[in-house]
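All remarks here apply to the structure that follows.
Residue numbers (mature numbering (1 follows the signal peptide of the UniProt record, and there is no 0)): -22 to -1, 1 to 399.
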């Protein structure tokens, strides 16, 4: 176990601990990529292209300036472009050799990025630091089937519940059914990232114990009971399906009293609800007389470097730098991006923001690490199709068993097809 940081280290120190050691070759004078204690013998001019979400533009520029100060051995010409974490793999696939040298990605894309030869494993030094900074759930989220770590996480990527505290007590929010008896609840049932929370809670597994065994497939448990619960949920007048565009505005306007989303919406929820702003981990639900704990799919957002980069040492160093303790601290200060770094638990404003505790509890207790293998692509379309059939009531109390079996068959067929590729 590495030493446990007691204080957030400065940018220069964090970078020195995180920079890869001879990750991709290079000259002996700069084998570890760290900041030199004296002027470097030679300054290397490098071009680095970087992808990030539009919202991170100011943070990225600040980190680039800090990186230059910490690394006088590099004279960097930067080229920044807007590509969100969710779009990284799709954009990379068009031409991996022309993709950015450093990019931010959602961990569920790891398998796709590996297949495209567009992401490189971190070296041993950075891998040790990733393990020291993060809980095991987060470490697992960027670990490939080969056991190597790809990318440096900087925030969790999962969903939990926002709610209006004037409508529900702390006991109420433990049970979705209790909430539905007292107020209106919104959920993205047709969204294939959100609907598995019910099936996972009832025992469904995805690709084995560690989520990386394609041959293990997706195994359903208590599927009929869950589907019947969802049929009844849609019929409940206190339930509103969120189409992915109106849930947040419905919560802040008072049209609904609870809404499931992630930390990216926290600032807007806080602004809209004021003193009534609440957030919590996933509740339980009762299906066929049994209580089940809803479980989110969980992962992370991380920074990676492209093995096709023309300056791989510099690209690797900067990717590690963007995941450093100080960079995560700055991310919180500028955008309230909740850090994954375990030492950053008491930054200004954290204790006052219930989304921080909600995300941390979700990652630790009410979630399942989202599989990163390419076979996971077999889940998305069948799950979306089935979710839409529930919302439209095409799947109903009369036919839910038949429709559920068709859903399961579709998933198994797609898993088999993915595994055969």
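In this text, a Cβ means the ideal position worked out from N, Cα and C, and glycines have one as well.
Limits of the beta strand (DSSP E) - the one that residue i falls within
{"i": "residue 53", "result": "52 to 60"}
{"i": "residue 251", "result": "That residue, residue 251, is in no beta strand (DSSP E); its alpha helix (DSSP H) goes 244 to 251."}
{"i": "residue 365", "result": "Careful: residue 365 lies outside any beta strand (DSSP E), inside the alpha helix (DSSP H) at 355 to 369."}
{"i": "residue 218", "result": "217 to 219"}
{"i": "residue 132", "result": "130 to 135"}
{"i": "residue 432", "result": "Residue 432 lies beyond the stretch modelled for the chain, which goes from -22 to 399, so this question has no answer here."}
{"i": "residue 80", "result": "80 to 84"}
{"i": "residue 238", "result": "236 to 239"}
Three-state secondary structure (DSSP) of residue i
{"i": "residue 157", "result": "helix"}
{"i": "residue 381", "result": "helix"}
{"i": "residue 28", "result": "strand"}
{"i": "residue 74", "result": "helix"}
{"i": "residue 264", "result": "strand"}
{"i": "residue 1", "result": "With a pLDDT of 35 at residue 1, under the threshold of 50, the predicted position of this residue should be treated as unreliable, though the coordinate-derived value follows. Residue 1: strand per DSSP, three-state reduction."}
{"i": "residue 328", "result": "coil"}
{"i": "residue 225", "result": "helix"}
{"i": "residue -12", "result": "Because the pLDDT at residue -12 is just 35, under 50, the model does not fix this residue reliably, and the value given afterwards should be weighed accordingly. The answer is helix: DSSP assigns residue -12 an H, G or I state."}
{"i": "residue 256", "result": "strand"}
{"i": "residue 168", "result": "coil"}
{"i": "residue -18", "result": "Below a pLDDT of 50, predicted positions are generally treated as unreliable, and residue -18, at 31, falls in that range; the measurement from the model is reported next regardless. Coil."}
{"i": "residue 120", "result": "coil"}
{"i": "residue 212", "result": "helix"}
{"i": "residue 279", "result": "strand"}
{"i": "residue 202", "result": "helix"}
{"i": "residue 398", "result": "helix"}
{"i": "residue 351", "result": "coil"}
{"i": "residue 269", "result": "strand"}
{"i": "residue 316", "result": "coil"}
{"i": "residue 389", "result": "helix"}
{"i": "residue 69", "result": "helix"}
Beta-carbon spacing of residue i, residue j below 9 Å
{"i": "residue 245", "j": "residue 336", "result": "no"}
{"i": "residue 140", "j": "residue 333", "result": "yes"}
{"i": "residue 321", "j": "residue 340", "result": "no"}
{"i": "residue 240", "j": "residue 350", "result": "no"}
{"i": "residue 151", "j": "residue 256", "result": "yes"}
{"i": "residue 80", "j": "residue 55", "result": "no"}
{"i": "residue 360", "j": "residue 392", "result": "yes"}
{"i": "residue 153", "j": "residue 262", "result": "yes"}
{"i": "residue 200", "j": "residue 265", "result": "yes"}
{"i": "residue 138", "j": "residue 274", "result": "yes"}
{"i": "residue 270", "j": "residue 176", "result": "yes"}
Endpoints, the alpha helix (DSSP H) within which residue i is located
{"i": "residue 38", "result": "35 to 48"}
{"i": "residue 94", "result": "That residue, residue 94, is in no alpha helix (DSSP H); it is neither H nor E in DSSP."}
{"i": "residue 109", "result": "102 to 111"}
{"i": "residue 177", "result": "174 to 179"}
{"i": "residue 299", "result": "290 to 300"}
{"i": "residue 305", "result": "303 to 313"}
Member of the options whose CA lies at the smallest distance from the CA of residue i
{"i": "residue 242", "options": "25, 27, 33", "result": "33"}
{"i": "residue 306", "options": "283, 279, 368, 251", "result": "279"}
{"i": "residue 70", "options": "101, 28, 371, 102", "result": "28"}
{"i": "residue 146", "options": "198, 178, 158", "result": "158"}
{"i": "residue 160", "options": "184, 357, 214", "result": "214"}
{"i": "residue 272", "options": "383, 348, 173", "result": "173"}
{"i": "residue 379", "options": "364, 98, 205, 366", "result": "205"}
{"i": "residue 223", "options": "290, 166, 72", "result": "166"}
{"i": "residue 98", "options": "190, 78, 196", "result": "78"}
{"i": "residue 400", "options": "57, 123, 105", "result": "Missing from the structure shown is residue 400; the chain here goes from -22 to 399 and no further."}
{"i": "residue 348", "options": "95, 82, 72, 115", "result": "115"}
{"i": "residue 251", "options": "233, 268, 267", "result": "233"}
Cβ distance (whole Å) where residue i is taken to contact residue j below 8 Å
{"i": "residue 312", "j": "residue 86", "result": "Contact flag wrong, Cβ pair sits at about 25 Å."}
{"i": "residue 237", "j": "residue 164", "result": "5 Å"}
{"i": "residue 168", "j": "residue 362", "result": "6 Å"}
{"i": "residue 287", "j": "residue 130", "result": "In fact, because the Cβ distance is near 15 Å, the residues do not count as touching under 8 Å."}
{"i": "residue 401", "j": "residue 358", "result": "Residue 401 lies beyond the stretch modelled for the chain, which goes from -22 to 399, so this question has no answer here."}
{"i": "residue 117", "j": "residue 108", "result": "6 Å"}
Near the ligand FMN: residue i beta-carbon under 8 Å from a heavy atom
{"i": "residue 85", "result": "With respect to the ligand FMN, the structure offers nothing, as it holds no ligand at all."}
Residue-level contact to chain B via CB, residue i, 9 Å cutoff
{"i": "residue 287", "result": "Of the protein chains in this structure there is only one, and it is not chain B."}
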